[in-house]
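Enquirer: Residue numbers for the sequence shown follow our numbering, beginning at 173 and rising by one. Sharing a structure below in structure tokens format, with a few things to ask.
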Amino acid sequence: MSNNFFYNLQGIFFLLIPQVNKLEKKIEKLLLKYDTKVEEIASRINYYCNFDQTIALPSKHIHSKGDLLKQGSRYCYDFYEYMRYFNPHLHFHLESGDVNYFTKTPSFCKSRPITDSKNNNILLKLDKKRHFKFLTQDFLESLPTYTQKINKIFFRGGCYQQHRQNFMQKFFSHPLVNAGHVGSLRNEDFRKWYKGKASLKEHLQYKFILSLEGNDVATNLKWIMSSNSLALMPKPKFETWFMEGKLIENVHYLRINEDFTNLEEQVDFILNNQKLAQDIIHNANLYVKQFIDKDFEDLISLLVLRKFFYQTNQMKVSHIEEALFKPL
173 MSNNFFYNLQ GIFFLLIPQV NKLEKKIEKL LLKYDTKVEE IASRINYYCN
223 FDQTIALPSK HIHSKGDLLK QGSRYCYDFY EYMRYFNPHL HFHLESGDVN
273 YFTKTPSFCK SRPITDSKNN NILLKLDKKR HFKFLTQDFL ESLPTYTQKI
323 NKIFFRGGCY QQHRQNFMQK FFSHPLVNAG HVGSLRNEDF RKWYKGKASL
373 KEHLQYKFIL SLEGNDVATN LKWIMSSNSL ALMPKPKFET WFMEGKLIEN
423 VHYLRINEDF TNLEEQVDFI LNNQKLAQDI IHNANLYVKQ FIDKDFEDLI
473 SLLVLRKFFY QTNQMKVSHI EEALFKPL
């Protein structure tokens, strides 16, 4: 049976089987398990949910499961993996889809623009089947080492946004680049650039994988950073649960200009600095590890929800949680 079948079956289970009476014991157990990671827990909660004023939501901010399913089953299933632990009468707003703007009221989202300012976009790990793919050790061991890989940039993606089209216009025929459009063939450029989908294994024959944002974040960045190839990209403008806003250029990825004017220069530089390239890959792999532990991810997700309901005057929390919810 397909992975989609089991994913949908699990999602239906989340929707139909509430766990409200297990919430506090689950959080208590997980906090005890990770009692040496208190600072990391607090840091992540307050990064994802960083509106600090206590407010009351308008009464319309409540959704039925049917309403949420209409917004997209992947968002609904991922949301209810954790929301099933909470009272179904609590008020909230879930903003589905590619959220590349700031919401007017506190809303759970997959993504948001990167900013240092407080904002209403509360990040949850949504649409994770598409966005949170990390490579296994067995798969990595089947790949060539970094030094054995092809000294070129690889890119496959739908080129619907202007910045992706700009890249293709400049570099589609460049000898340093293997790039191709995937998707609609509705215009002449798309037909000219079309190369079809490529497997992860084909991508990872190359030293450099280009990661370009689409409507919001670049979907491929997470698996690139878990690989033994180097992520090549402009500074990100949007972020998800992956906290793209915390990535450091030339530490976790090799930065190129937004208009790609230094692309050749950067690739030439990194080809002559193999130690730096491997250090960046190592740092990227370490960054990814913080998202691998399922129990830890569950704890952070539940506490983000708890903070939201606490700050919207809908729930009381423990003294430990109150301390965690205060920005460091």
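Glycine is no exception: its CB is placed at the ideal position from the N, C-alpha and C atoms. This one's a predicted model, so the numbers in the text were calculated from it and none came from an experiment.
For a quick check, are the C-beta atoms of Lys324 and Leu348 less than 8 Å apart?
Expert: Yes.
Enquirer: Does the separation of the CB atoms of Phe468 and Cys221 fall below 8 Å?
Expert: Cβ distance not < 8 Å, so Phe468 and Cys221 don't count as in contact.
Enquirer: Determine the closest residue to Arg315 out of Pro260, Ser401, Ser345, with distance taken between C-alpha atoms.
Expert: The question names Arg, but residue 315 is Leu in the sequence shown. The shortest Cα separation from Leu315 among Pro260, Ser401, Ser345 belongs to Ser401.
Enquirer: Taking the DSSP output, what are the residues bridged to Asn507?
Expert: This structure cannot speak to residue 507, because the chain is shown only from 173 to 500.
Enquirer: State whether the stretch 485 to 497 contacts the stretch 439 to 457, with contact taken as three or more CB pairs (one from each stretch) at a distance under 8 Å.
Expert: Flag = no, the stretch 485 to 497 and the stretch 439 to 457 do not touch.
Enquirer: Tyr273 lies in the beta strand (DSSP E); which residues open and close that run?
Expert: Note, Tyr273: premise wrong, no beta strand (DSSP E); not H, not E.
Enquirer: Relative to the C-alpha of Gly386, which residue among Pro408, Val192, Ser490 is closest?
Expert: The candidate whose alpha carbon is nearest that of Gly386 is Pro408.
Enquirer: Just tell me which of Arg256, His303, Phe258, Lys282 has its CA closest to the CA of Glu267.
Expert: If we check each option's Cα against that of Glu267, Lys282 comes out closest.
Enquirer: At a threshold of 7 Å, does Ile286 count as lining the ligand MN (C-beta to nearest heavy atom)?
Expert: What this structure holds is no ligand at all, so the ligand MN is not there to describe.
Enquirer: I'd like to confirm the pairing. Which residues does DSSP put opposite Ile294 in its beta bridges?
Expert: Phe280.
Enquirer: Tell me the DSSP secondary structure of Ala390 in three-state form.
Expert: Note: Ala390 maps to coil in three-state DSSP.
Enquirer: Closest to Tyr459 by C-alpha separation, out of Glu200, Thr433, Trp413, Leu357, would be which residue?
Expert: Nearest C-alpha to Tyr459: Trp413.
Enquirer: Determine the extent of the beta strand (DSSP E) in which Lys209 is found, giving its start and end residues.
Expert: From DSSP, Lys209 is part of no beta strand (DSSP E); its letter is neither H nor E.
Enquirer: Straight-line CA distance for Tyr332 to Asp361?
Expert: Distance between the alpha carbons of Tyr332 and Asp361: 11 Å.
Enquirer: For Asp250, is the classification buried or exposed, using 16 other Cβ atoms within 10 angstroms of its Cβ as the cut-off for buried?
Expert: By the 10 Å Cβ count, Asp250 comes out buried.
Enquirer: Excluding sequence positions up to five away, which residues of its chain have a Cβ less than 6 Å from the Cβ of Met173?
Expert: In this prediction, Met173 scores a pLDDT of 42, lower than 50, which makes its location untrustworthy; the coordinate-derived value is nonetheless stated afterwards. Excluding sequence neighbours, Met173 sits near nothing in its chain.
Enquirer: For a minimum of 4 consecutive residues, which ranges assigned as the alpha helix (DSSP H) are wholly contained in the stretch 403 to 470?
Expert: Fully enclosed alpha helix (DSSP H) runs of 4 or longer: 435 to 443, 446 to 461.
Enquirer: Between Lys297 and Tyr247, what straight-line distance do the alpha-carbon atoms span, to the nearest angstrom?
Expert: Taking the straight line joining both Cα atoms gives about 9 Å.
Enquirer: Take Asn175 as the anchor and find which of Glu212, Glu196, Lys301 has the nearest alpha-carbon.
Expert: Comparing Cα positions, the closest option is Lys301.
Enquirer: Quick check on DSSP: helix, strand or coil for Glu267?
Expert: Of the three classes helix, strand and coil, the one that applies to Glu267 here is strand, per DSSP.
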